[in-house]
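Student: Encoded as structure tokens, here's the structure I'll be asking about.
Numbering (the numbering used here), first residue to last: 2 to 491.
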């Protein structure tokens, strides 16, 4: 129904304003009506009581036996009294009539329409009988407009009905007041709607502009341009969204860069051994390599084939992990013993670089619950990297420390380390700190990503600490299990 954000906001604001003002008008109309009705009822009651009491008291002291004669004889005094009483309201009408309903006197001096007039006989009967004292209408045309009329009978000291007093108030007074109030509410509502229109335009424009910028940037990113960024202003949710978009674009740009680097690396890693294998096999077939050299060159071919096998295995392992096809088999094993075995397997490389080795396991056995082969894979890979990038004669340390229900496995080496600006990318796919391939000639930048994925699958943590040019330390955690206590007969 509403395609633009502006029309949605405008409709919402307008609906809220109209409903609010309508509710406000309804509430105030009820308050005004109730207040006016209560005020008029009190005023009419007081007027009726005052006129009735005055006429009855004056009639007691007269010598006239006829009520009509009494009114005519005391016309001036009674009318003066009516004028004083009716002065409380300009729209009030006071009528004094006899038992036949003939109007004898009214407070309206200049209006002779009430003289020689008669109120409806059935209403007059009801007044004298006390069955109906309230009436709404014009009294069969006696009044020029609809009034709310209340009446009280005038009774002599002996209980004889002499006539009645009628007090009427215009029913249009409240309606007129309410009409004025409703007009004011409508005008106020229109002005507020106008102000809301301006406010919605400003607010929606401040929201739509950055959204349009992000939409354009997203389209550029979809076409492959990940260098695009959107301006960030303010500290609201839109600014957070723009910041998140820029971070995403930066990550995608970095990922694209690493992907390109990975493709080049894989192409190089595939082409180099394939070229070497092809060249040596051709030499053997063509007879350019003498038979006594076969073992030497076949050993080189075997090394290159194993290198290709490791590359393919890493790629397959990555694919299985990301697809969720790799299943982990949890079991209890001694992580300290695994660390010793891995350290022994690097003995030759450690000796060749004259590394100062430290092995720190504060307990003989620390049992953990994890997938043995998966943990061996990442532990071996981290240790291999530590030896590979350690400087000649530097310190190389493996430590295992139990804290509560965790064991913290640390692999530390002194060497070039990792630059601070690259630490956040260490566990990304295809990331290689040695982009020149000067030290790492075999890696493709998947080992640490696979390690992080495996650790995350175990609901554990892995992180790196490094000071560039000084050291690098990788730490990961595993959940420990309490060792089974030996029985009494053991």
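Virtual Cβ for every residue (Gly too), placed ideally from N, Cα, C.
Applying the criterion that 16 or more other CB atoms from any shown protein chain within 10 Å of the CB defines a buried residue, is residue 111 buried or exposed?
Tutor: Low local confidence applies: a pLDDT of 44 at residue 111 is under 50, so the model's placement there is unreliable, and no value is given.
Student: Under DSSP, the beta strand (DSSP E) around residue 385 begins and ends at which residues?
Tutor: Here residue 385 belongs to no beta strand (DSSP E); instead the alpha helix (DSSP H) covers 373-390.
Student: Do you know whose CA, among 169, 190, 164 and 286, lies nearest residue 99's CA?
Tutor: Nearest option by C-alpha distance: 164.
Student: Since residue 474 and residue 413 should fall inside the 8 Å C-beta cutoff, what is the C-beta to C-beta distance between them, to a whole number of angstroms?
Tutor: At roughly 4 Å, the Cβ-Cβ gap stays under 8 Å, so residue 474 and residue 413 are in contact.
Student: Taking the beta carbon of residue 291 as the centre, do at least 16 other beta carbons fall within 10 Å, making it buried, or is it exposed?
Tutor: Label assigned to residue 291: exposed.
Student: Using a Cβ-Cβ cutoff of less than 6 Å, which residues in the same chain neighbour residue 455 once the five nearest sequence positions on both sides are dropped?
Tutor: So the qualifying residues of the chain are 375 and 379.
Student: Check residue 505 in the structure and name its three-state DSSP category.
Tutor: The structure shown has nothing for residue 505, since the chain only spans 2 to 491.
Student: In whole angstroms, what is the alpha-carbon distance linking residue 116 and residue 143?
Tutor: Confidence in residue 116 is poor, its pLDDT being 49 and thus under 50, which makes the residue's placement unreliable; the coordinate value appears in the next sentence. Computed Cα separation, rounded: 10 Å.
Student: For residue 154, write down the residues that DSSP places opposite it in a beta bridge.
Tutor: Answer is 165, bridged to residue 154.
Student: What residue does the beta strand (DSSP E) around residue 413 start on, and which one ends it?
Tutor: Taken as a continuous stretch (DSSP letters only), the beta strand (DSSP E) holding residue 413 covers 407-415.
Student: If you run the structure through DSSP and keep just helix, strand and coil, what is residue 255?
Tutor: Correct three-state label for residue 255: helix.
Student: Using only the alpha-carbon positions, how far apart do residue 363 and residue 356 sit?
Tutor: Near 22 Å, if we compare the C-alpha coordinates of residue 356 and residue 363.
Student: Across the stretch 288-303 and the stretch 402-422, are there enough close Cβ pairs to call them in contact, namely three or more that are closer than 8 Å?
Tutor: Cβ pair count under 8 Å is below three, so no.
Student: Excluding the 5 residues preceding and the 5 following residue 373 in the sequence, name in chain order all residues of the same chain whose CB lies nearer than 7 Å to its CB.
Tutor: Excluding residues within five positions, the ones whose Cβ falls inside 7 Å are 332 and 334.
Student: Measuring CA to CA, which of 424, 377, 385 and 368 is closest to residue 404?
Tutor: It is 368 whose Cα lies nearest to the Cα of residue 404.
Student: Once the 5 residues before and after residue 183 are set aside, which same chain residues still bring their CB inside 8 Å of it?
Tutor: Within the same chain, residue 183 has close Cβ partners 26 and 30.
Student: Go through its chain and collect everything with a Cβ distance to residue 48's Cβ below 8 Å, but skip five positions before and after it.
Tutor: So the list reads 86, 87, 89, 93, 95 and 168, once near-sequence residues are dropped.
Student: What is the DSSP secondary structure of residue 39, reduced to helix, strand or coil?
Tutor: If DSSP states are grouped into helix, strand and coil, residue 39 belongs with the helices.
Student: Work out the CA separation of residue 318 and residue 298 for me, nearest whole Å.
Tutor: Computed Cα separation, rounded: 30 Å.
Student: Would you mind stating whether residue 128 and residue 106 have Cβ atoms separated by less than 7 Å?
Tutor: In this structure, residue 106 does not lie closer than 7 Å to residue 128 by Cβ.
Student: Output the boundary residues of the beta strand (DSSP E) element that contains residue 477.
Tutor: Unbroken beta strand (DSSP E) run through residue 477: 472-480.
Student: In terms of residues, what are the limits of the beta strand (DSSP E) holding residue 136?
Tutor: Taken as a continuous stretch (DSSP letters only), the beta strand (DSSP E) holding residue 136 covers 135-138.
Student: Where does residue 386 land, buried or exposed, given buried means 16+ other C-beta within 10 angstroms?
Tutor: Answer is buried; the Cβ neighbour count reaches 16.
Student: Anyone know if the C-beta pair for residue 156 and residue 136 falls short of 7 Å?
Tutor: Against a cut-off of 7 Å, the Cβ pair of residue 136 and residue 156 comes out as no contact.
Student: Around the Cβ of residue 171, are there at least 16 other Cβ atoms within 10 angstroms (buried) or fewer (exposed)?
Tutor: By the neighbour-count rule (16 or more Cβ atoms within 10 Å), residue 171 is buried.
Student: What residues in its chain sit with their C-beta under 8 Å from that of residue 397, if we drop five residues either side in the sequence?
Tutor: Result list for residue 397: 351, 356, 357, 358, 359, 387, 388, 391, 413, 414 and 415, in chain order.
Student: Spatial neighbours of residue 57 within its chain, please: CB distance less than 7 Å, with the 5 preceding and 5 following residues excluded, ordered by chain position.
Tutor: Same-chain partners within the cutoff: 155 and 156.
Student: Just the Cα atoms here: how many angstroms apart are residue 153 and residue 134?
Tutor: Each residue's alpha carbon lies about 7 Å from the other.
Student: So, under 8 Å CB-CB, residue 231 and residue 206 are touching, yes? Tell me the CB distance rounded to an integer number of Å.
Tutor: In fact, because the Cβ distance is near 16 Å, the residues do not count as touching under 8 Å.
Student: From the DSSP output, in three-state form, read off residue 19 for me.
Tutor: Helix.
Student: Would you kindly work out how many angstroms separate the C-alpha atoms of residue 301 and residue 383, rounded to a whole number?
Tutor: Their backbone Cα atoms lie some 26 Å apart in a straight line.
Student: From residue 177 to residue 23, what distance separates their C-alpha atoms?
Tutor: Between residue 177 and residue 23, the C-alpha separation is close to 18 Å.
Student: Using only alpha-carbon positions, find the residue among 224, 5, 33 and 194 that is nearest to residue 20.
Tutor: It is 194 whose Cα lies nearest to the Cα of residue 20.
Student: Counting along the chain, where does the beta strand (DSSP E) carrying residue 107 start and finish?
Tutor: Where residue 107 is concerned, the enclosing beta strand (DSSP E) stretches over 104-107.
Student: Please report the distance separating the alpha-carbon of residue 212 from that of residue 325.
Tutor: Answer to the nearest angstrom: the Cα atoms are 35 Å apart.
Student: So the candidates are 83, 69 and 308; which of them puts its Cα closest to the Cα of residue 101?
Tutor: Looking at the Cα atoms, 69 is the closest of the given residues.
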